[in-house]
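> Under our numbering, the first residue of the sequence shown carries the number 4, and numbering increases by one thereafter.
Next up is a structure, given as structure tokens.
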Amino acid sequence: MAIQIFDEFLREFEQPLTRFVSDSVTNLTSAVSGPLRVGLMLYIVLYGIAIIRGGVREPVMDFAWRSVRLVAIVMLATNAGTFQQHVTDLFNDTLPREIGNAIAGSGLSMKSGQPFDQLLNKGIEVATKIYEQAGLTNIAPALVAAILMVFTAAAGFLQFAIMLYAKVGMALVIALGPIFVALALFEATRPFAEAWTRQLANFVVLQILVIALVGLMLTTVVQFVDKYGANAATGGQLIVGAVAISAILGLAAYVALQLPEIAGALAGGGASLAGRAMSRSLTAAALTGGTAAAAGAYAGSRAAARQSAAAIRTARSGGSIERSRAG
């Protein structure tokens, strides 16, 4: 009987995650709708009057195109349906699914845990066939089967955990979307909107990488199962097959751990890379600031000491002159 652990879990996990994103987007769009619409209207009216009166030198068409862009941003940030269609569905479903299917095949999907179940079932299948050849006086096949099961479970659960991380991260970033889309209105706050977009790209790339890795592992493991597991008749073939499949699954587990960093590097704004860079920057700034402060304090103390010494010498020389005059 095939195991459906990942598929059943993901099916239950998707519902509250989708509901959280939908409710958050609806609430935030309602909260920012009034202020953004009023602010945009005042900006267009006042800036248009300034252009008409000659207070601002700018072509009317440039102002018109900028106004259209601002209206589009406000509509996206204040309309929950539009945001769901053009942001949530695009980044959370369409892009990962279409690109992932183009890379790994149409049978894989981030909405289903079946690929992970297939990977786990393939490992269990070959481990079971190896275990059946064990006996009271021949425990080597049982040990080989146990090792293979460990690698199969580790690879499957690690890849599934990375996928859940990508889905939760994407949900949190999208849930805050209306605020960051609204920040694109102003030049000073536009970098926040750009950083938010980079994070969207980061999690999209991460989901695509997970799909590609699972597809690669399924193809490779099936090939090794067909070659060694299903047709293994000797102890040597059992060991070779188990070692080969375990090595592939161990490599998959290691690569899965690197996927968030790879996605961050490709998207140009991964949380892990940004955190490391920020940590290094803060450390360097602290060291530089501390060194500069110490050097400044040392220089200041030396300057104060020199001034004090000069004042003392002046006072002493003045006293000597007065005593010589009195004499």
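Note that the Cβ used here is the ideal one computed from N, Cα and C, for glycine as well.
Closest to GLU128 by CA distance: which of SER115, ALA148 and ILE142 is it?
Working through the sequence shown from its first residue, we reach residue 128 at position 125. Considering only alpha carbons, the answer is ALA148.
> In chain order, what residues of the same chain have a beta carbon less than 7 Å from the beta carbon of SER249, not counting five sequence neighbours either side?
Looking up residue 249 in the sequence shown gives position 246. ILE150, LEU151 and PHE154.
> By the three-class DSSP mapping on this structure, what secondary structure does ASN124 have?
Position 121 of the sequence shown, counted from the first residue, corresponds to residue 124. Looking at ASN124 - three-state DSSP - the assignment turns out to be helix.
> How big is the Cα-Cα spacing for TYR168 and PRO263?
One-based indexing of the sequence shown puts residue 168 at position 165. One-based indexing of the sequence shown puts residue 263 at position 260. Going from the Cα of TYR168 to the Cα of PRO263 covers about 9 Å.
> Pick helix, strand or coil for ASN82, following the three-state DSSP scheme.
Looking up residue 82 in the sequence shown gives position 79. Here ASN82 sits in coil by DSSP.
> Return the CA-CA distance between GLN18 and ARG56, expressed in angstroms with no decimal places.
Translated into positions along the sequence shown, residue 18 becomes position 15. Translated into positions along the sequence shown, residue 56 becomes position 53. Cα to Cα, the separation comes out at about 56 Å.
> With DSSP run on the structure shown, which of helix, strand or coil describes GLY138?
Counting from 1 along the sequence shown, the entry for residue 138 is found at position 135. Note: GLY138 maps to strand in three-state DSSP.
> Can you say whether GLU15 is buried or exposed, counting buried as having 16 or more other CB atoms within 10 angstroms of its CB?
Sequence index remark: in the sequence shown, residue 15 carries index 12 (1-based). Counting Cβ neighbours within 10 Å, GLU15 comes out exposed, since fewer than 16 surround it.
> Between the Cα of PHE332 and those of LYS125, THR85, ILE8 and LEU269, spot the shortest distance and give me the residue it belongs to.
In the structure displayed, the chain extends from 4 to 330; residue 332 sits before or after that span and is not available.
> Under 6 Å Cβ to Cβ from GLN7, same chain only, skipping five residues before and after it: list those, please.
Within the sequence shown, numbered from 1, the residue matching residue 7 stands at position 4. The residues are ASP120.
> At a cut of 8 Å, does the region 37-46 reach the region 68-86 through at least three beta carbon pairs?
Contact between the region 37-46 and the region 68-86 is present, because at least three Cβ pairs lie under 8 Å.
> Helix, strand or coil for ILE182? Go by DSSP, reduced to three states.
For this step, residue 182 is matched to residue 179 along the sequence shown. In the structure shown, ILE182 sits in a helix (DSSP, three-state: H, G or I).
> Can you tell me whether THR29 is helix, strand or coil according to DSSP?
Numbered from its first residue, the sequence shown carries residue 29 at position 26. Helix at THR29.
> Do you know how far the Cα of ALA266 is from the Cα of GLU11?
Numbered from its first residue, the sequence shown carries residue 11 at position 8. Numbered from its first residue, the sequence shown carries residue 266 at position 263. If I take the Cα positions, the gap works out to 27 Å.
> Is there contact here, the region 23-32 with the region 124-139, by at least three beta-carbon pairs under 8 Å?
The answer is no - the region 124-139 does not touch the region 23-32, with fewer than three Cβ pairs under 8 Å.
> For the alpha helix (DSSP H) holding LEU2, just list the boundary residues, first then last.
Within the shown structure, residues of the chain are numbered from 4 to 330, placing residue 2 beyond reach of any answer.
> Taking just the CA atoms, how far does VAL213 sit from GLY103?
Counted from its first residue, the sequence shown places residue 103 at position 100. Counted from its first residue, the sequence shown places residue 213 at position 210. If you take the alpha carbons of GLY103 and VAL213, they lie about 9 Å apart.
> Buried or exposed: where does PRO38 fall if 16 or more other Cβ atoms within 10 Å of its Cβ makes it buried?
Here residue 38 refers to the residue found at position 35 when the sequence shown is read from its first residue. PRO38 comes out exposed.
> Hey, ALA256 and LEU161: beta-carbon distance below 8 Å or not?
Locating residue 256 in the sequence shown gives position 253, where the first residue counts as 1. Locating residue 161 in the sequence shown gives position 158, where the first residue counts as 1. Going by C-beta atoms, ALA256 is nearer than 8 Å to LEU161.
> Which term fits VAL211, buried or exposed, when burial requires 16 or more other beta carbons within 10 angstroms of its beta carbon?
As a working mapping, residue 211 is identified with position 208 in the sequence shown. Residue identity check: residue 211 is Ile in the sequence provided, not Val. Buried.
> For a quick check, are the C-beta atoms of ALA158 and MET220 less than 8 Å apart?
Within the sequence shown, the letter at position 155 stands for residue 158. Within the sequence shown, the letter at position 217 stands for residue 220. Cβ atoms of ALA158 and MET220: closer than 8 Å.
> Measure the alpha-carbon distance for PHE9 versus VAL217 and round it to whole angstroms.
The residue given as residue 9 occupies position 6 in the sequence shown. The residue given as residue 217 occupies position 214 in the sequence shown. Rounded to whole angstroms, PHE9 to VAL217 spans 13 Å at the Cα level.
> Going by Cα to Cα distance, which pick from VAL48, ILE142 and GLU197 is closest to GLY271?
If you number the sequence shown from 1, residue 271 lands on position 268. Nearest C-alpha to GLY271: GLU197.
> Given that a residue counts as buried once 16 or more other Cβ atoms are within 10 Å of its Cβ, and exposed if not, what is THR97?
Position 94 of the sequence shown, counted from the start, is the residue given in the question as residue 97. Per the 10 Å Cβ criterion, exposed.
> CB-CB under 8 Å to PRO99, same chain, minus the five flanking residues each way: which ones, in chain order?
Start at 1 with the first residue of the sequence shown, and residue 99 comes out as number 96. MET113, VAL207, GLN210, ILE211 and ILE214, listed in sequence order.
> How about ASN95 and ILE177: are their beta carbons less than 8 Å apart?
As a position in the sequence shown, residue 95 is number 92, starting the count at 1. As a position in the sequence shown, residue 177 is number 174, starting the count at 1. The answer is yes: Cβ separation under 8 Å.
> Can you give the Cα-Cα distance for PHE227 and ILE251, rounded to whole angstroms?
Counting from one through the sequence shown, the residue named residue 227 turns up at place 224. Counting from one through the sequence shown, the residue named residue 251 turns up at place 248. Using only the alpha carbons, I get a separation of about 9 Å.
> When we look at the beta-carbon of PHE183 and count the other beta-carbons within 10 Å, is it buried (16 or more) or exposed?
Within the sequence shown, residue 183 is the residue found at index 180, counting from 1. Buried: at least 16 other Cβ atoms inside 10 Å.
> Spatial neighbours of THR223 within its chain, please: C-beta separation below 8 Å, excluding the five flanking residues on both sides.
As a working note, residue 223 is residue 220 in the sequence shown. For THR223, where only same-chain residues beyond five positions count, the Cβ hits under 8 Å are ILE251.
> Once you ignore the five residues that flank GLY172 on each side, which residues in its own chain have a CB closer than 7 Å to its CB?
For the purposes of this step, residue 172 is taken as the residue at position 169 of the sequence shown. Closer than 7 Å at Cβ, skipping near neighbours: PHE206.
> From SER36, LEU203 and GLN136, pick the residue whose C-alpha is nearest to that of HIS89; which is it?
As a working note, residue 89 is residue 86 in the sequence shown. Looking at the Cα atoms, LEU203 is the closest of the given residues.
> Going by DSSP in three states, SER115 sits in which element: helix, strand or coil?
One-based indexing of the sequence shown puts residue 115 at position 112. Coil.
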